[in-house]
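Here's the structure we're looking at; comments come further down.
If you want it as structure tokens, here you go:
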């Protein structure tokens, strides 16, 4: 096994609560110097890619816009592949920046991209989206999370509204967020890399590690942020490698290379 | 085969556009005189049972309240079987009449009964229902239709909102309307009749005939209202019997009885 491409989860791997994790900036620099193509993978669907890149740079990371891979980017790649030009964006208006090469429309779209509208998922809005998809527009969902916790209360997330349209129009949405396979596959298509030569590093055993392995990638779990002791005995998911933090990633890559050399 | 119980679809079998179908009233009277227990089966979820019975009587049918079997009645039987006392009714307020033996509550219910709220399915309302079911309340849906046509437009029906809650809370609703098996099974439980001794008569090949057969009943299709010539060559569903209208039901029952006698 040779690792040729590296996908990095952001929150919990590179930074935590707005502060870079020790050694993270140096590791990113080092990986670039070693010649690895990198992608910053995030499930953020409330900010455009340029803003995500800007935040990373403000924290001192080398992060050009092109290396930020978010669900909007996956959606845009999908739309290009599908040849869809007229797109209705049912999401944060700021995300329009990530769909600059498309015609953003309010009627008769070729595709609908659904994101986090929250309380703007009114009955009227849902019916408008329903008519678009039942009229033939493809439905792309930036994620399909079930709910989130707002103070004391559970609140419906995007997923239930996607499920409502799917049921109403008897269709299946394409979900492009992590841990959907399409998310990783699209990322790698843009790099021309093979799945088994790609390493994903993350802190979340299910979303990062399980999702990446499910897509055929090599997965490394860091013992920071979302990592829990129980993860070591997870009933289904076993990462290919586990390291204490991203600081150990370069030594790990060197070890993997040594192992490979010994096998030849 | 002996037929002991008869389930009658209403619209399209007994009446059409508010007018009794020829011979329908006489047939109902005759069936009662012959000693058959009858049930009037309807998927109406916008009117309480007493109102449905009143309309039938206004058209000249012998129709006591107890013989009207609608999804609210199925739901109430389910709630009794489940021992649920505190019920939240998310449906037409008039339907409260069909849940008179329960405590109708706005908070902490044992079960939620979902009906046609239409545009009252606001984001706030859906979130309130979501919290009830994710807190453990059982979800019962009066039907799960996908959409309906309002003038020129398709409009989301109850089904998509049920699907949204199901996905959000990762549960499965109990759907009590026709053609759900539970609808027929509950009807017969209240009569103490066996499935194979029960005849269902309807005009809709899928909803009435297919649904009844799927539940193990004997199904008769009438060639009135929703009946279409194509139904004679339906790819999956073949009714046990087909008659031109309800006027032929009594002769059919006599034929079935003769056949049975000849076999003994």
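Residue numbers (this note's numbering), protein chains in the order written: chain V, 1 to 264; chain E, 265 to 528. We put the beta carbon where it would ideally sit given N, CA and C, even for glycine. Please read all numbers here as calculations on a predicted model, not as lab measurements.
Original post:
How about residue 287 of chain V: is its C-beta nearer than 8 Å to some C-beta of chain E?
Top reply: Because chain V is modelled from 1 through 264, residue 287 of chain V falls outside the range shown and cannot be assessed.
Original post:
Under a CB-based cut-off of 8 Å, is residue 235 of chain V close to chain B?
Top reply: Although the question refers to chain B, the structure presented lacks it and instead comprises the protein chains V and E.
**OP:** Identify which residue in E:444, E:462 and E:390 has its Cα closest to the Cα of residue 164 of chain V.
**Re:** For the purposes of this step, residue 164 of chain V is taken as residue 164 along the first chain, with counting starting at 1. Comparing Cα-Cα distances from residue 164 of chain V to each of E:444, E:462 and E:390, the minimum goes to E:390.
Original post:
If we cut at 8 Å on Cβ distances, does residue 163 of chain V have a partner in chain E?
Top reply: Residue 163 of chain V sits at position 163 when you count from the first residue of the first chain. Answer yes: the Cβ-Cβ gap between residue 163 of chain V and chain E drops below 8 Å somewhere.
Original post:
Going by alpha carbons, who is nearest to residue 399 of chain E out of E:405, E:435, E:417 and E:368?
Top reply: In the second chain, the residue the question calls residue 399 of chain E occupies position 135. Selected option, being the one with the closest Cα: E:435.
Original post:
Smallest Cα separation from residue 92 of chain V: which of V:86, V:146, V:228 and V:120?
Top reply: Within the first chain, residue 92 of chain V is the residue found at index 92, counting from 1. Of the candidates V:86, V:146, V:228 and V:120, the residue whose Cα lies closest to the Cα of residue 92 of chain V is V:120.
Original post:
Taking the alpha carbon of residue 351 of chain E as the point to measure from, which residue in E:419, E:361, E:370 and E:463 has its own alpha carbon closest?
Top reply: By 1-based counting over the second chain, the position of residue 351 of chain E is 87. Nearest C-alpha to residue 351 of chain E: E:370.
Original post:
Taking just the CA atoms, how far does residue 24 of chain V sit from residue 225 of chain V?
Top reply: Within the first chain, the letter at position 225 stands for residue 225 of chain V. Within the first chain, the letter at position 24 stands for residue 24 of chain V. So the alpha carbons of these two residues sit roughly 14 Å apart.
Original post:
Can you tell me where the alpha helix (DSSP H) with residue 340 of chain E in it begins and where it stops?
Top reply: Working through the second chain from its first residue, we reach residue 340 of chain E at position 76. 335 to 346 is the extent of the alpha helix (DSSP H) around residue 340 of chain E.
Original post:
For residue 412 of chain E, which beta-bridge partners are listed by DSSP?
Top reply: The residue you call residue 412 of chain E lines up with position 148 of the second chain. Looking at the DSSP assignment, residue 412 of chain E forms a beta bridge with E:419.
**OP:** Mind checking which residues open and close the beta strand (DSSP E) that includes residue 39 of chain V?
**Re:** Within the first chain, numbered from 1, the residue matching residue 39 of chain V stands at position 39. Segment 38 to 41, the beta strand (DSSP E) holding residue 39 of chain V.
Original post:
Can the beta-carbon of residue 509 of chain E be found less than 8 Å from the beta-carbon of residue 285 of chain E?
Top reply: Along the second chain, one-based indexing puts residue 509 of chain E at 245. Along the second chain, one-based indexing puts residue 285 of chain E at 21. It is a contact, given that the beta carbons lie within the stated cut-off.
**OP:** Using the DSSP secondary-structure output, state which residues sit across from residue 501 of chain E in a beta bridge.
**Re:** Counting from one through the second chain, the residue named residue 501 of chain E turns up at place 237. According to DSSP, which records beta bridges pairwise, residue 501 of chain E is partnered with nothing at all.
Original post:
Quick one: is residue 147 of chain V near chain E, going by C-beta distance under 8 Å?
Top reply: Residue 147 of chain V sits at position 147 when you count from the first residue of the first chain. Interface residue, yes.
Subject >> Per-residue DSSP class, three states only, for residue 286 of chain E >> reply: Start at 1 with the first residue of the second chain, and residue 286 of chain E comes out as number 22. DSSP places residue 286 of chain E in coil when its eight states are reduced to three.
Original post:
How should residue 408 of chain E be labelled, buried or exposed, when 16 other C-beta atoms within 10 angstroms of its C-beta is the threshold for buried?
Top reply: For the purposes of this step, residue 408 of chain E is taken as residue 144 along the second chain, with counting starting at 1. It counts as buried.
Original post:
Do the region 332 to 350 of chain E and the region 408 to 424 of chain E make contact, defined as three or more Cβ pairs closer than 8 Å?
Top reply: no
Original post:
Using DSSP with H/G/I as helix, E/B as strand and the rest coil, what is residue 52 of chain V?
Top reply: Start at 1 with the first residue of the first chain, and residue 52 of chain V comes out as number 52. If DSSP states are grouped into helix, strand and coil, residue 52 of chain V belongs with the helices.
Original post:
For the region 153 to 178 of chain V, which residues have a CB atom closer than 9 Å to at least one CB atom of chain E, in sequence order?
Top reply: 153, 154, 155, 156, 157, 159, 160, 161, 162, 163, 164, 165, 166, 167, 168, 169 and 170
Original post:
Where does the unbroken beta strand (DSSP E) through residue 211 of chain V begin, and where does it stop?
Top reply: In the first chain, counting from the first residue as 1, residue 211 of chain V sits at position 211. First-last for residue 211 of chain V: 211 to 214, but that is the alpha helix (DSSP H), not the beta strand (DSSP E).
Original post:
Mind checking whether residue 486 of chain E and residue 520 of chain E have CB atoms under 8 Å apart?
Top reply: On the second chain, residue 486 of chain E is found 222 positions in, with the first residue counted as 1. On the second chain, residue 520 of chain E is found 256 positions in, with the first residue counted as 1. No, these two residues do not count as a Cβ contact at 8 Å.
**OP:** Just grab the DSSP bridge partners of residue 378 of chain E for me.
**Re:** Position 114 of the second chain holds residue 378 of chain E. Paired residues: E:354 and E:405.
Original post:
On the three-state DSSP scale, how would you describe residue 184 of chain V?
Top reply: Here the question's residue 184 of chain V lines up with position 184 in the first chain. Residue 184 of chain V falls in the helix class under three-state DSSP.
Original post:
Since residue 131 of chain V meets chain E, which of its residues come closer than 7 Å, beta carbon to beta carbon?
Top reply: Against the first chain, residue 131 of chain V aligns to sequence position 131. Here the neighbours are 417 and 418.
**OP:** Just the chain V side, please: which residues come within less than 8 Å of residue 390 of chain E by C-beta, in chain order?
**Re:** As a first step, residue 390 of chain E must be located in the second chain, where it is residue number 126. In chain order: 156 and 160.
**OP:** Consult DSSP for residue 465 of chain E and reduce its assignment to one of helix, strand or coil.
**Re:** Mapped onto the second chain, residue 465 of chain E falls at position 201. Note: residue 465 of chain E maps to strand in three-state DSSP.
Original post:
What is the rounded straight-line gap between the Cα of residue 269 of chain E and the Cα of residue 395 of chain E?
Top reply: On the second chain, position 5 is the one that residue 269 of chain E refers to. On the second chain, position 131 is the one that residue 395 of chain E refers to. Cα to Cα, residue 269 of chain E sits roughly 42 Å from residue 395 of chain E.
Subject >> Below-8 Å beta-carbon distance, residue 134 of chain V vs any chain E residue >> reply: Taking the first chain and counting its residues from 1, the one referred to as residue 134 of chain V is at position 134. Closer than 8 Å to some Cβ of chain E, the Cβ of residue 134 of chain V qualifies, so yes.
Original post:
Under 7 Å Cβ-Cβ, which residues of chain E neighbour residue 119 of chain V?
Top reply: As a first step, residue 119 of chain V must be located in the first chain, where it is residue number 119. Against chain E, a Cβ distance below 7 Å from residue 119 of chain V picks out 387.
**OP:** Give the straight-line distance between the Cα atoms of residue 220 of chain V and residue 241 of chain V, rounded to the nearest whole angstrom.
**Re:** For the purposes of this step, residue 220 of chain V is taken as residue 220 along the first chain, with counting starting at 1. For the purposes of this step, residue 241 of chain V is taken as residue 241 along the first chain, with counting starting at 1. Looking at the two C-alpha atoms, the distance is approximately 5 Å.
**OP:** Taking residue 199 of chain V and residue 7 of chain V to be in contact with their CB atoms under 8 Å, please state how far apart those CB atoms are, rounded to whole angstroms.
**Re:** The residue you call residue 199 of chain V lines up with position 199 of the first chain. The residue you call residue 7 of chain V lines up with position 7 of the first chain. Indeed they touch by this definition, with Cβ atoms about 7 Å apart.
Original post:
How about residue 201 of chain V and residue 9 of chain V: do their beta carbons lie closer than 8 Å?
Top reply: Taking the first chain and counting its residues from 1, one reaches residue 201 of chain V at position 201. Taking the first chain and counting its residues from 1, one reaches residue 9 of chain V at position 9. Yes, Cβ-Cβ distance for residue 201 of chain V and residue 9 of chain V is below 8 Å.
Original post:
Start and end of the alpha helix (DSSP H) containing residue 208 of chain V?
Top reply: Your numbering for residue 208 of chain V matches position 208 in the first chain. Neither: residue 208 of chain V is in no alpha helix (DSSP H) and is coded neither H nor E.
Original post:
CB-CB under 8 Å to residue 97 of chain V, same chain, minus the five flanking residues each way: which ones, in chain order?
Top reply: Translated into the one-based positions of the first chain, residue 97 of chain V becomes position 97. Only 48, 49 and 50 meet the Cβ criterion.
**OP:** Starting from residue 272 of chain E, trace the alpha helix (DSSP H) both ways and give me its first and last residue.
**Re:** As a first step, residue 272 of chain E must be located in the second chain, where it is residue number 8. Per DSSP, residue 272 of chain E belongs to no alpha helix (DSSP H); it is in the beta strand (DSSP E), 269 to 273.
Subject >> Of the listed residues V:152, V:177 and V:228, nearest to residue 140 of chain V (C-alpha basis) >> reply: Residue mapping note: residue 140 of chain V aligns to position 140 of the first chain, counting from 1. Taking the Cα of residue 140 of chain V as reference, the smallest distance to any Cα among V:152, V:177 and V:228 is reached at V:177.
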